[in-house]
Amino acid sequence: MNKVASTRLRKEYKAFWQDPPEFVKAHPLESDMLDWRFTIQGPPGSPFEGGEYMGKLKFPEQYPFKPPAIFMLTPNGRFETDRRLCLSMSDYHPESWCPAWSVATIVKGVLSFMLENEQTTGAIVTSDEKKRELAKASHAWNSAHKDYKILFATAPAMDGTKAAAAAPEPSAPAAAVGSAGAAQAPVGDAAGTSASGAVQ
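The opening position of the sequence shown corresponds to residue 1 in full-length UniProt numbering, with each subsequent residue numbered one higher.
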């Protein structure tokens, strides 16, 4: 594994859990620092309320200079499952990627786009009723998935607040590569990307 990518991701992992963002969690697989799983809790008042949705980030060896591939795994009514999503912070559009963005930036961007109605590659259209149905079914789906059971089943319950969630310490000290955790959420650019990350 590229040392720059490994060091950067370890630093981001530590920063993520020192100040956990609302509604999201993220962990790398123990066997591969470039292969992450994340979860999104459906925010109150949304059709996803009460649901929990797992996704996948596949980082390239060239991270943070190239973006990850982004997938949703849990059936959710907003995105196709296990298909690469076309977002401005995904590998579909490396030209719009900013190396200062982090795991937290990416997952919060996915949540933001999930709550909107914009369409892109990998997005689908379903009724709010269907989304609520899938929200109720999400926990059973997650509990049967091996990655969820290993990474999230014993994690602190999410309640939409910045709970003090303890994450394992990275196995090696992280050098100061990039500005992990300090990046702002993706914003629109001249290429026509939206603030939530969709490419229009």
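Even for Gly, the Cβ is constructed at its ideal location relative to N, Cα and C.
Compute the minimum distance between the beta carbon of Pro43 and the heavy atoms of the ligand PLP, and state whether it is under 7 Å.
-> Among the components modelled here there is no ligand, and therefore nothing to report on the ligand PLP.
Do Lys131 and Pro67 have their C-beta atoms closer together than 8 Å?
-> Here residue 131 refers to the residue found at position 131 when the sequence shown is read from its first residue. Here residue 67 refers to the residue found at position 67 when the sequence shown is read from its first residue. No; because the gap between Cβ atoms is not below 8 Å, this pair is not in contact.
Nearest CA to the CA of Leu85: which residue from Met1, Leu111 and Lys149?
-> In the sequence shown, counting from the first residue as 1, residue 85 sits at position 85. Each of Met1, Leu111 and Lys149 was checked against the Cα of Leu85, and the nearest Cα belongs to Leu111.
Thr39 beta carbon less than 8 Å from that of Val24 = In the sequence shown, the residue the question calls residue 24 occupies position 24. In the sequence shown, the residue the question calls residue 39 occupies position 39. For Val24 and Thr39, yes; Cβs fall inside 8 Å.
Measure the beta-carbon distance from Asp147 to Arg37 and round it to whole angstroms, keeping in mind my assumption that it falls under 8 Å.
-> Counting from 1 along the sequence shown, the entry for residue 147 is found at position 147. Counting from 1 along the sequence shown, the entry for residue 37 is found at position 37. About 5 Å; that satisfies the 8 Å criterion.
CA-CA distance, Met114 and Ala123?
-> Here the question's residue 114 lines up with position 114 in the sequence shown. Here the question's residue 123 lines up with position 123 in the sequence shown. In a straight line, the C-alpha of Met114 is about 9 Å away from that of Ala123.
Go to Trp36, then tell me how far its beta strand (DSSP E) extends in each direction, as first and last residue.
-> Residue 36 sits at position 36 when you count from the first residue of the sequence shown. Asp32 to Gln41 is the span of the beta strand (DSSP E), which, as asked, contains Trp36.
Taking Ala135 and Gly50 to be in contact with their CB atoms under 8 Å, please state how far apart those CB atoms are, rounded to whole angstroms.
-> In the sequence shown, the residue the question calls residue 135 occupies position 135. In the sequence shown, the residue the question calls residue 50 occupies position 50. About 5 Å separates the beta carbons of Ala135 and Gly50, which is inside the 8 Å limit, making them a contact pair.
Top-ranked residue by Cα proximity to Tyr13, from Phe152, Trp141 and Val103 | Along the sequence shown, one-based indexing puts residue 13 at 13. Measuring from the Cα of Tyr13, the nearest candidate turns out to be Val103.
For Ile70, which of helix, strand or coil comes out of DSSP?
-> Here residue 70 corresponds to residue number 70 of the sequence shown, with the count starting at 1. In the structure shown, Ile70 sits in a strand (DSSP, three-state: E or B).
Look up Gly109 in the DSSP assignment and say whether it is helix, strand or coil.
-> On the sequence shown, residue 109 is found 109 positions in, with the first residue counted as 1. Annotated three-state conformation of Gly109 is helix, per DSSP.
Grab the span of the alpha helix (DSSP H) containing Tyr148 for me, first residue to last.
-> Position 148 of the sequence shown holds residue 148. Taken as a continuous stretch (DSSP letters only), the alpha helix (DSSP H) holding Tyr148 covers Lys146 to Leu151.
Starting from the C-beta of Asn2, find all residues in its chain whose C-beta is less than 6 Å away, skip the five residues before and the five after it, and write them out in chain order.
-> The count along the sequence shown starts at 1 and reaches residue 2 at position 2. So the list reads Glu61, once near-sequence residues are dropped.
Based on Cα-Cα distance, which residue from Ile150, Ile106, Thr154 and Asn142 lies nearest to Met54?
-> Counting from 1 along the sequence shown, the entry for residue 54 is found at position 54. When only C-alpha atoms are compared, the closest one is Asn142.
Going by CA-CA distance only, name the one from Gly42, Asp32 and Ala15 that's closest to Leu57.
-> By 1-based counting over the sequence shown, the position of residue 57 is 57. The option with the nearest alpha carbon to Leu57 is Asp32.
Which first and last residues belong to the beta strand (DSSP E) in which Glu52 is found?
-> As a first step, residue 52 is located in the sequence shown; it is residue number 52 there, counting from the start. It spans Glu52 to Lys58 - the beta strand (DSSP E) in which Glu52 sits, taken as one unbroken run.
Roughly how many angstroms lie between the CA atoms of Glu133 and Phe71, to the nearest whole one?
-> As a first step, residue 133 must be located in the sequence shown, where it is residue number 133. As a first step, residue 71 must be located in the sequence shown, where it is residue number 71. Roughly 21 Å separates the two Cα atoms.
Once you ignore the five residues that flank Gln18 on each side, which residues in its own chain have a CB closer than 7 Å to its CB?
-> As a working mapping, residue 18 is identified with position 18 in the sequence shown. The same chain holds no residue with a CB closer than 7 Å to that of Gln18 once the five nearest residues on each side in sequence are set aside.
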